[in-house]
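Residues in the sequence shown are numbered from 6 upward in steps of one, following our numbering. Yeah, the Cβ is synthetic: ideal placement off N, Cα and C, and Gly gets one too. One structure below.
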Amino acid sequence: MKDILKLAYFDEQAAVDFLEIKESGSSSEIMKVVTEKNKDLGFSAEAGKVFFSFLKFGLSGNMNKKNNSIIETQVTRTIYNKFIELSKEAKEIKKYKHINLKIVKNSATYFRNLMPFIKMIDDTGEFENAKELKGLNHQELDTIFDDARGYYEYLGEIVSDEEEYETVIIRFNINGMRNNYSLYDLTKMNLSIYGIEVGKAENIDLNFMNEMNEMLQEEKTKPKQLSYEEMKSVTLDDNQPTEQNPKSEKYKIIDVIVAGI
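Rendered as structure tokens:
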């Protein structure tokens, strides 16, 4: 696995949880390193315990990085380095050095990418379905969407050294984005990722309305079955679930912890 030169995504909370599960003393080791590096700033071990407890419970682990303090930057860097080191031997961590991501039209990820543009429009009457949007606070749609979901899904194509392809569902935590990258930016990168397989899906149907119908126990639209070659041509404008992976009856679902180039 090649070294990542620039981070596009890092889910600190997931990394901390993994370190604590694999090595229960990881938090103490991280605390020791950060405290030693920041003695000149008056950062004590006791203060570090409080700060790290905040991180573990998600109060600062995935916050906006624009206003990071020196201490938080040190914590992030130490957690990242420790996670990468441990991942080298951890079979639970899936490592892919080349993966292509596609956003499926009408998926939750597709709608989330439209939010910034919707917020730019003051008059929702310009929309074709303005009646449905009337009374909706479109300035807070992204926040509402993030609170409801957290994770956003992509159609992922893993390319192996043998030029073999595997189709999977890749999920990113919106709060883990780094360096001002957007969800759409990830589709244009030659990404390497570290993640954990959290489950499997019967088919690749990322349609948001189908998901909502399923939650409400309504009838789900049956996905159209495509050939493998047709599946490879799926683009942002395609709203087509794909046929079953020829190598497996189910598709892997991967939650990403680290992604970069």
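{"Item": "Name the DSSP beta bridge partners of Val261, please?", "Value": "Gly200"}
{"Item": "Where does Gly161 fall in DSSP's three states?", "Value": "strand"}
{"Item": "Which term fits Ser112, buried or exposed, when burial requires 16 or more other beta carbons within 10 angstroms of its beta carbon?", "Value": "buried"}
{"Item": "Please go through the same chain and pick out, in chain order, the residues whose beta-carbon is closer than 6 Å to the beta-carbon of Glu105, but skip the five residues on each side of it.", "Value": "The question names Glu, but residue 105 in the sequence shown is Asn. Only Glu162 meet the Cβ criterion."}
{"Item": "For Val173 and Tyr256, which I take to be in contact (beta-carbon distance under 8 Å), what is that distance rounded to the nearest angstrom?", "Value": "6 Å"}
{"Item": "Figure out for me which residue from Leu10, Ala19 and Lys11 has the closest Cα to the Cα of Asn178.", "Value": "Ala19"}
{"Item": "Considering only their Cβ atoms, is the gap separating Ile262 from Gly204 smaller than 8 Å?", "Value": "no"}
{"Item": "Express the C-alpha separation of Leu221 and Phe15 in angstroms, rounding to a whole number.", "Value": "33 Å"}
{"Item": "For a quick check, are the C-beta atoms of Lys102 and Lys7 less than 8 Å apart?", "Value": "yes"}
{"Item": "Closer than 6 Å by C-beta to Phe23: which residues in its own chain qualify, once you throw out the five before and the five after it? Chain order, please.", "Value": "none"}
{"Item": "Closer than 6 Å by C-beta to Lys11: which residues in its own chain qualify, once you throw out the five before and the five after it? Chain order, please.", "Value": "Gly265 and Ile266"}
{"Item": "Tell me the DSSP bridge mates of Glu171?", "Value": "Ile163"}
{"Item": "Hey, would you say Ile209 sits closer than 8 Å to Leu160, going by beta carbons?", "Value": "yes"}
{"Item": "Taking the alpha-carbon of Lys193 as reference, which of Lys107, Arg154 and Leu146 has the nearest alpha-carbon?", "Value": "Lys107"}
{"Item": "Which residues bound the beta strand (DSSP E) around Ala13?", "Value": "Leu12 to Phe15"}
{"Item": "Please tell me whether Tyr115 has its Cβ less than 8 Å away from any Cβ of chain B.", "Value": "This model lacks chain B altogether, as it is built from one protein chain only."}
{"Item": "With C-beta atoms as the reference, is Ser92 less than 8 Å away from Tyr199?", "Value": "yes"}
{"Item": "Below 8 Å on the Cβ atoms is my guess for Met182 versus Leu146; work out the distance and round it to an integer in Å.", "Value": "Not confirmed; about 18 Å, so no contact."}
{"Item": "Can you give me the C-alpha to C-alpha distance between Ala135 and Ile123, rounded to a whole angstrom?", "Value": "Low local confidence applies: a pLDDT of 49 at Ala135 is under 50, so the model's placement there is unreliable, with the coordinate-based value given in what follows. Cα to Cα, the separation comes out at about 12 Å."}
{"Item": "Which residues in the same chain have their Cβ closer than 6 Å to the Cβ of Leu196, if we skip the five residues on either side of it in sequence?", "Value": "Ile104 and Ala264"}
{"Item": "Put Ala135 into one of helix, strand or coil per three-state DSSP.", "Value": "Here Ala135 scores only 49 on pLDDT, less than 50, and its place in the model should not be relied on; the value that follows carries that caveat. Helix at Ala135."}
{"Item": "What residue does the alpha helix (DSSP H) around Leu211 start on, and which one ends it?", "Value": "Premise fails: Leu211 is in no alpha helix (DSSP H) and is neither H nor E."}
{"Item": "Please return the same chain residues whose Cβ sits closer than 7 Å to the Cβ of Glu207, not counting the five positions on each side in sequence.", "Value": "Lys255"}
{"Item": "Between the beta-carbon of Tyr189 and the beta-carbon of Arg176, is there less than 8 Å?", "Value": "no"}
{"Item": "Mark Lys286 as exposed unless 16 or more other C-beta atoms lie within 10 angstroms of its C-beta, in which case mark it buried.", "Value": "For the chain, the structure presents residues 6 to 266; residue 286 sits outside this window and is missing."}
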